[in-house]
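**Q** This is the structure, below, for whatever I ask next.
Number of protein chains: 2
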Amino acid sequence: MSANNRQAHSPEYYPGHSCEDKASGRLLLDQITDKWSVSILFALCSKPLRFNEIKRCMDGITQKSLTQCLRRLERNGIIARRVIPSSQIAVEYSITPLGRTLEAPFQALFNWTIEYSSDVTLAQAEFDARTTE
Amino acid sequence: MSANNRQAHSPEYYPGHSCEDKASGRLLLDQITDKWSVSILFALCSKPLRFNEIKRCMDGITQKSLTQCLRRLERNGIIARRVIPSSQIAVEYSITPLGRTLEAPFQALFNWTIEYSSDVTLAQAEFDARTTE
DNA sequence: CGGAATCCTCGAAGATACTG
DNA sequence: CAGTATCTTCGAGGATTCCG
Chain A
1 MSANNRQAHS
11 PEYYPGHSCE
21 DKASGRLLLD
31 QITDKWSVSI
41 LFALCSKPLR
51 FNEIKRCMDG
61 ITQKSLTQCL
71 RRLERNGIIA
81 RRVIPSSQIA
91 VEYSITPLGR
101 TLEAPFQALF
111 NWTIEYSSDV
121 TLAQAEFDAR
131 TTE
Chain B
1001 MSANNRQAHS
1011 PEYYPGHSCE
1021 DKASGRLLLD
1031 QITDKWSVSI
1041 LFALCSKPLR
1051 FNEIKRCMDG
1061 ITQKSLTQCL
1071 RRLERNGIIA
1081 RRVIPSSQIA
1091 VEYSITPLGR
1101 TLEAPFQALF
1111 NWTIEYSSDV
1121 TLAQAEFDAR
1131 TTE
């Protein structure tokens, strides 16, 4: 807001929040807006899924990446991991109440991609044409 | 270098079913939810800024990363680049109408990080305690 | 001032193999 | 089935230099 002050080492250009909010906010965003997390969260929003079920949805993901992503989401309290004892090991992942609170913001972002994807595509084409000539 | 040895990374389009929407949506999300784009967009929401002004805001960003990020945002039609002829070259970056439509979804996400950061921190502490013992 | 061009590193992500 | 354990590669990102 009132951020006309320019300093070399402590930029204060942020509307309404302090530097720490901004930095930690971005750090947290990095944790949850990565390549797969949004898709995984959406998948789990409808119903709990098992490891390989998720893997099948996220076509192209490796087991390692999926494991890492699920761990991070679990650590951040977004999803829950439940081991189902049976003849074959089964692990069910489900969304937590905290994870539910992310559904709306993510949906808003996703809706944006749907609504404006054509505008973006058009802008890309124009940019590419402009820079190729 | 030969492309033979290189594993083509898996195609992102999947025939037919509902995952396709999410996949393409994710591709677009990857373009705009990267490490710096959100912060840059927020910065430009208040007012247009010049290259080094943005650089000063994004503490820690390198010139190269900033250039790449600005190019991508410009290509996607989110921001506009305007060269101001003067004794010294000046380049002003501003948000486009299309970019404006992203402000609300991003703000929602950012507000989430503010609102629930303590919950996440708590979840992390519990997870770490659980997995250390 | 606002970049482009190089060089370089370092860690994320892939491939593969093994296990409870 | 749901992972772990290694090894390797590869490319994004940092540091530096130069330039209109």
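Residue numbers (our numbering), protein chains in the order written: chain A, 1 to 133; chain B, 1001 to 1133.
Heads up, the beta-carbon is just placed ideally off N, CA and C, and yes, glycines get one too.
1. Between the Cα of B/S1094 and those of B/Q1031, B/F1051 and B/K1035, spot the shortest distance and give me the residue it belongs to.
2. Would you tell me roughly how many angstroms separate the C-alpha atoms of A/V91 and B/V1091, rounded to the nearest one?
3. Please work out which residues of its chain come closer than 7 Å, Cβ to Cβ, to A/Q63, disregarding the five sequence neighbours upstream and downstream, and give them in chain order.
4. How big is the Cα-Cα spacing for B/A1108 and A/N76?
5. Can you give me the start and stop residues for the alpha helix (DSSP H) that A/S118 sits inside?
6. Can you have a look at B/Q1122 and say buried or exposed, based on whether 16 or more other CB atoms are within 10 angstroms of its CB?
7. Would a C-beta distance cut-off of 7 Å place A/A80 and A/T96 closer than the cut-off?
8. For A/G60, which option in A/I89, A/W36 and A/F42 has the closest C-alpha, if you only look at C-alpha atoms?
9. Please classify B/S1039 as buried or exposed, where buried requires at least 16 other C-beta atoms within 10 Å of its C-beta.
10. If we ignore side chains and look at the alpha-carbon of each, how far apart do B/Q1031 and A/S87 end up?
11. Whose C-beta lies closer than 6 Å to the C-beta of A/S10 among residues of the same chain, with five residues either side of it excluded?
**A** With the given structure in hand:
1. B/F1051
2. 53 Å
3. K55
4. 19 Å
5. P97 to T132
6. The sequence given here places Leu at residue 1122 of chain B; Gln does not occur at that position. Per the 10 Å Cβ criterion, exposed.
7. yes
8. A/W36
9. buried
10. 43 Å
11. Because the pLDDT at A/S10 is just 34, under 50, the model does not fix this residue reliably, and the point stays unresolved.
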